[in-house]
Amino acid sequence: MSGPALLDSFSRRINYLRISVTDRCNLRCRYCMPAEGVKLLGHGEVLTYEELLRVARIALETGISKIRITGGEPLVRRGICDFLRQLSSLGGLKDLALTTNGTLLSEMAEDLRAAGLRRINVSLDTLKPETFAEITRVDALQKVLDGIAAAKRAGLDPVKVNVVVMRGVNDGEIPDFVNFASDNDLEVRFIEFMPSRDDTWEKSALVPAEEILGIISSRFELTPVEREVSAGPCRVFRLPKAGRIGVISPMSDHFCGECNRVRLTADGKLRGCLFSSRELDLKTILRDPAQSDEAVKKALLDTIMGKPEGHKLEERSDAGEKCGLSMNRVGG
Numbered sequence: 002m003s004g005p006a007l008l009d010s011f012s013r014r015i016n017y018l019r020i021s022v023t024d025r026c027n028l029r030c031r032y033c034m035p036a037e038g039v040k041l042l043g044h045g046e047v048l049t050y051e052e053l054l055r056v057a058r059i060a061l062e063t064g065i066s067k068i069r070i071t072g073g074e075p076l077v078r079r080g081i082c083d084f085l086r087q088l089s090s091l092g093g094l095k096d097l098a099l100t101t102n103g104t105l106l107s108e109m110a111e112d113l114r115a116a117g118l119r120r121i122n123v124s125l126d127t128l129k130p131e132t133f134a135e136i137t138r139v140d141a142l143q144k145v146l147d148g149i150a151a152a153k154r155a156g157l158d159p160v161k162v163n164v165v166v167m168r169g170v171n172d173g174e175i176p177d178f179v180n181f182a183s184d185n186d187l188e189v190r191f192i193e194f195m196p197s198r199d200d201t202w203e204k205s206a207l208v209p210a211e212e213i214l215g216i217i218s219s220r221f222e223l224t225p226v227e228r229e230v231s232a233g234p235c236r237v238f239r240l241p242k243a244g245r246i247g248v249i250s251p252m253s254d255h256f257c258g259e260c261n262r263v264r265l266t267a268d269g270k271l272r273g274c275l276f277s278s279r280e281l282d283l284k285t286i287l288r289d290p291a292q293s294d295e296a297v298k299k300a301l302l303d304t305i306m307g308k309p310e311g312h313k314l315e316e317r318s319d320a321g322e323k324c325g326l327s328m329n330r331v332g333g
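When we follow our numbering, the leftmost residue of the sequence shown carries the number 2, and every step to the right adds one.
Structure representation (structure tokens):
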């Protein structure tokens, strides 16, 4: 059974842990890392599966009930299916999900489903091969599309597609993605462009959620869907024939007041906010034989109580600004 309700200092209920299992990725998305890549963690710097399972078990005993696996790209780490199988068997876990770029999904979907995964999110920002190669620096669009189809065949449900909308890059494809959702009975979620790497971020590329919704509603009939517990900050709408679309607005109408999550980075740092530089070193505790499960629990509770009230990203300037973030290590 799950532990008691966890409340932070702003009385938000925290029940969601996002675990980054690796900082490695087989794509080089422009908004995530530079062309030359980033300095990768050494093998010993990354938490082992045993350490991750220990953290997950303690978190579930403490009151966490939902876990999402992220990266980097989680499917590039060896043994991921065995890890998911052990993770899915832990008591108190009500929801296990994974976010992937989809390039390895066609060959792994069946094994992931057999390991206990029930739903999956696939990051895909374009349906055009040339734009995909421009964004990711890799020619792999068909692999991702095949992966989405394989996930559907394997029985993963729902399959959600995450689209980061960038002005001048893929904002013209919004209607195409709505049709993609309808034709394939998917939920496509449009996400506002936000800082996602320790580099510059251009606010001019931001397409606000209301503008996205305006584009969609001018061409398609949308029926609002009552927000589900697992929906998080996403506003969801049903399409006439099949499929759904959602909009997530971390910049124009942030959802910090309802934030229910904490994050564990690939190198064992606990974060209360994706955009905060404040971290608690859990790896040192995990690797100290003198530290008990209670010390791990205390670190988790300290992180929860230290969550900031909001990310304050709206205070960034229009020009590029350092955002102190390494998405491949923290996990999106």
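In this text, a Cβ means the ideal position worked out from N, Cα and C, and glycines have one as well.
- For K298, the closest of D282, D147, L146 by C-alpha to C-alpha distance is D282.
- Looking at the DSSP output, D282 sits in a beta bridge with K270.
- Check the Cα spacing between I213 and each of K204, F178, A243, D186: the tightest is with F178.
- D126 places its beta carbon less than 9 Å from that of V170.
- When beta bridges are read from the DSSP output, T100 appears opposite N122.
- In the DSSP annotation of this structure, V165 is not part of any alpha helix (DSSP H); the continuous beta strand (DSSP E) holding it starts and ends at 160-166.
- In the structure shown, the three-state DSSP call for E74 is coil.
- Taking 9 Å as the cut-off, the beta carbon of E52 is found closer than this to the beta carbon of R288.
- Remark: C-beta atoms of S21 and G72 approach each other more closely than 9 Å.
- Apart from sequence neighbours up to five positions away, the residues of its chain that approach R138 with a beta-carbon distance below 6 Å are R29, ordered along the chain.
- Under DSSP, the beta-bridge partners assigned to E193 are V166.
- By the Cβ-count criterion, G273 is buried, with 16 or more other Cβ atoms from all chains shown falling within 10 Å of its own Cβ.
- Under the DSSP definition of a beta bridge, T63 lacks any partner.
- About 14 Å separates the beta carbon of I175 from that of I249, a gap too long to meet the 8 Å contact definition.
- Between V145 and V164, the C-beta gap is not smaller than 9 Å, which leaves the two residues out of contact.
- The residue among E259, K129, L106, V226 with its C-alpha nearest the C-alpha of P234 is E259.
- Remark: C-beta atoms of R120 and A150 do not approach each other more closely than 9 Å.
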